[in-house]
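Participant: For the sequence shown, full-length UniProt numbering assigns the number 1 to the initial residue and increments by one for each residue that follows.
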Amino acid sequence: MTEGFPAAPPPAGRAPRRFSWVLAAFVVVALAGSVVAVTGLLKVFSYRSLTVTGGSMANTVVSGERVVFGLREGQEIHRGDLVVFDASAFGDGRRGTFLQRVIAVGGDEVECCDLERRIKVNRKSIDEPYVAGEQTPFYAKVPPGAVFLAGDRRDIADDSRWRVNEPGGGAVSLSAVHGVVSATGNLFWVRQIPATTAFTAAGFPGTTEPDSGPVTGRITAGAGAGLFLIGFAGLLGTVVRSAGRRRKAAAVPPAR
1 MTEGFPAAPP
11 PAGRAPRRFS
21 WVLAAFVVVA
31 LAGSVVAVTG
41 LLKVFSYRSL
51 TVTGGSMANT
61 VVSGERVVFG
71 LREGQEIHRG
81 DLVVFDASAF
91 GDGRRGTFLQ
101 RVIAVGGDEV
111 ECCDLERRIK
121 VNRKSIDEPY
131 VAGEQTPFYA
141 KVPPGAVFLA
151 GDRRDIADDS
161 RWRVNEPGGG
171 AVSLSAVHGV
181 VSATGNLFWV
191 RQIPATTAFT
201 AAGFPGTTEP
211 DSGPVTGRIT
221 AGAGAGLFLI
231 GFAGLLGTVV
241 RSAGRRRKAA
251 AVPPAR
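1. Name the one or two DSSP bridge partners that residue 233 has.
2. Within 10 Å of its beta-carbon, does residue 155 have 16 or more other beta-carbons around it, so buried, or fewer, so exposed?
3. Between the Cα of residue 115 and those of 108, 109, 124, 107, spot the shortest distance and give me the residue it belongs to.
4. What does DSSP give as the partner residue(s) for residue 87 in the beta ladder?
5. Pick helix, strand or coil for residue 257, following the three-state DSSP scheme.
6. Which stretch, first to last residue, makes up the beta strand (DSSP E) that contains residue 148?
7. Given this structure, state the Cα-to-Cα distance separating residue 237 from residue 225, to the nearest angstrom.
8. Quick test of your reading: residue 259 and residue 168, contact by CB under 8 Å. State the CB separation rounded to the nearest angstrom.
9. Which same chain residues, not among the five before or five after residue 49, have their C-beta less than 6 Å away from its C-beta?
10. Please say whether residue 172 and residue 269 have beta carbons closer to each other than 7 Å?
11. Could you tell me if residue 127 is buried or exposed, where buried requires 16 or more neighbouring beta carbons within 10 angstroms of its beta carbon?
12. Pick helix, strand or coil for residue 217, following the three-state DSSP scheme.
13. Relative to the C-alpha of residue 73, which residue among 47, 95, 58 is closest?
14. Which same chain residues end up closer than 6 Å to residue 120 when comparing Cβ atoms and leaving out the 5 residues on each side of it in sequence?
15. Buried or exposed: residue 152, going by 16 or more other Cβ atoms within 10 Å of its Cβ?
16. Out of 220, 230, 229, state which residue places its alpha-carbon closest to the alpha-carbon of residue 40.
17. Under the three-state reduction of DSSP, which class applies to residue 198: helix, strand or coil?
18. Does DSSP classify residue 169 as helix, strand or coil?
19. Go through its chain and collect everything with a Cβ distance to residue 1's Cβ below 8 Å, but skip five positions before and after it.
20. Do you know whose CA, among 222, 216, 235, 176, lies nearest residue 91's CA?
21. Look up residue 204 in the DSSP assignment and say whether it is helix, strand or coil.
22. Can you give me the start and stop residues for the beta strand (DSSP E) that residue 182 sits inside?
23. Keeping to the same chain, check which residues put their C-beta closer than 8 Å to that of residue 242; ignore five residues upstream and five downstream.
24. In chain order, what residues of the same chain have a beta carbon less than 6 Å from the beta carbon of residue 33, not counting five sequence neighbours either side?
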């Protein structure tokens, strides 16, 4: 009788992979971080920046600083706002983009000065703590759809006050205003410029809170990037550990 060889054991099937809640959690964190980061970056890039030249806005903004402003797109302009505008709107051949402060809006009467050398808007004296330099007497009535602008260095600023006897009375059309400045800084860092209370304290409508978009956009983008890195690192670590365990399990010889 011929002895037969023992039958070979059936091939071991691959153990089914179990669903990993840890892996899923890290995937969710990474995806959420990506969404948050993109949202923040979209907010950041919805603003523009401009390098200031000249000293007409010192000491609020000094020459060489970059200002961050949101595109106007119908945004309401208030007295006291810092605005970036097209200088050709003055109509006297000036070119370039300027930064100046709105001291009156359409329909206002603005003049200088009261007994304390302050400007008056609709006969209300305005206490402007940011102003430097000697004020120059002037009077203007601002046409509808326009703003009257002045630099904070009233002694050297080339602004609406010097054009009150020209067509338009020195006012700048709202269509020439690119946006309202809310901060100084660059793509990675910004410093908010506090909103002035000079005009609201005199009873005029306006906002006392600066636009926080440039700051919150960067914070949101940074937080989202952090979440993404945490999720990605956790995901990578979980995959590597899981692969290592499978290799170890495959290297163990089958029991006889």
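For each residue, glycine too, the CB sits at the ideal point set by N, CA and C.
Facilitator: The relevant details are as follows:
1. Here residue 233 refers to the residue found at position 233 when the sequence shown is read from its first residue. The partner list for residue 233 (beta bridge, DSSP) is empty, contrary to what the question assumes.
2. In the sequence shown, counting from the first residue as 1, residue 155 sits at position 155. Flag for residue 155 reads exposed.
3. One-based indexing of the sequence shown puts residue 115 at position 115. Checked all of 108, 109, 124, 107; the closest Cα to residue 115 is 124.
4. The residue labelled residue 87 in the question sits at position 87 within the sequence shown. Bridge partners of residue 87: none, in fact.
5. The requested residue 257 does not occur in the structure, where the chain is confined to residues 1 to 256.
6. For the purposes of this step, residue 148 is taken as the residue at position 148 of the sequence shown. Looking at the DSSP string, the run of the beta strand (DSSP E) that includes residue 148 is 146 to 150.
7. For the purposes of this step, residue 237 is taken as residue 237 along the sequence shown, with counting starting at 1. For the purposes of this step, residue 225 is taken as residue 225 along the sequence shown, with counting starting at 1. Rounded to whole angstroms, residue 237 to residue 225 spans 18 Å at the Cα level.
8. Residue 259 lies beyond the stretch modelled for the chain, which goes from 1 to 256, so this question has no answer here.
9. As a position in the sequence shown, residue 49 is number 49, starting the count at 1. Cβ within range, chain order: 66, 68.
10. No answer is possible for residue 269: the residues shown for the chain start at 1 and end at 256.
11. Here residue 127 corresponds to residue number 127 of the sequence shown, with the count starting at 1. Looking at its Cβ environment, which holds fewer than 16 other Cβ atoms inside 10 Å, residue 127 is exposed.
12. Here residue 217 refers to the residue found at position 217 of the sequence shown. In the structure shown, residue 217 sits in a helix (DSSP, three-state: H, G or I).
13. The sequence position of residue 73 within the sequence shown is 73, counting from 1. Looking at the Cα atoms, 47 is the closest of the given residues.
14. The residue labelled residue 120 in the question sits at position 120 within the sequence shown. Hits under 6 Å: 111, 114.
15. To locate residue 152, count along the sequence shown from 1; it is residue 152. The residue in question, residue 152, is buried, as its Cβ has 16 or more Cβ neighbours within 10 Å.
16. Translated into the one-based positions of the sequence shown, residue 40 becomes position 40. Comparing Cα-Cα distances from residue 40 to each of 220, 230, 229, the minimum goes to 220.
17. On the sequence shown, position 198 is the one that residue 198 refers to. Residue state, collapsed to three classes: coil.
18. As a position in the sequence shown, residue 169 is number 169, starting the count at 1. In this structure, residue 169 counts as coil in the three-state DSSP scheme.
19. Position 1 of the sequence shown holds residue 1. The predicted model places residue 1 with a pLDDT of 48, which falls under 50 and marks its position as unreliable; any figure quoted below should be read in that light. Cβ within range, chain order: n/a, list empty.
20. Here the question's residue 91 lines up with position 91 in the sequence shown. Nearest of 222, 216, 235, 176 to residue 91, Cα basis: 176.
21. The residue given as residue 204 occupies position 204 in the sequence shown. In the structure shown, residue 204 sits in coil (DSSP, three-state: anything other than H, G, I, E or B).
22. Your numbering for residue 182 matches position 182 in the sequence shown. Residue 182 -> beta strand (DSSP E) spans 177 to 185.
23. Taking the first residue of the sequence shown as position 1, residue 242 is located at position 242. Contacts found: 20, 23.
24. Looking up residue 33 in the sequence shown gives position 33. Around residue 33: 224, 227, 228, 231.
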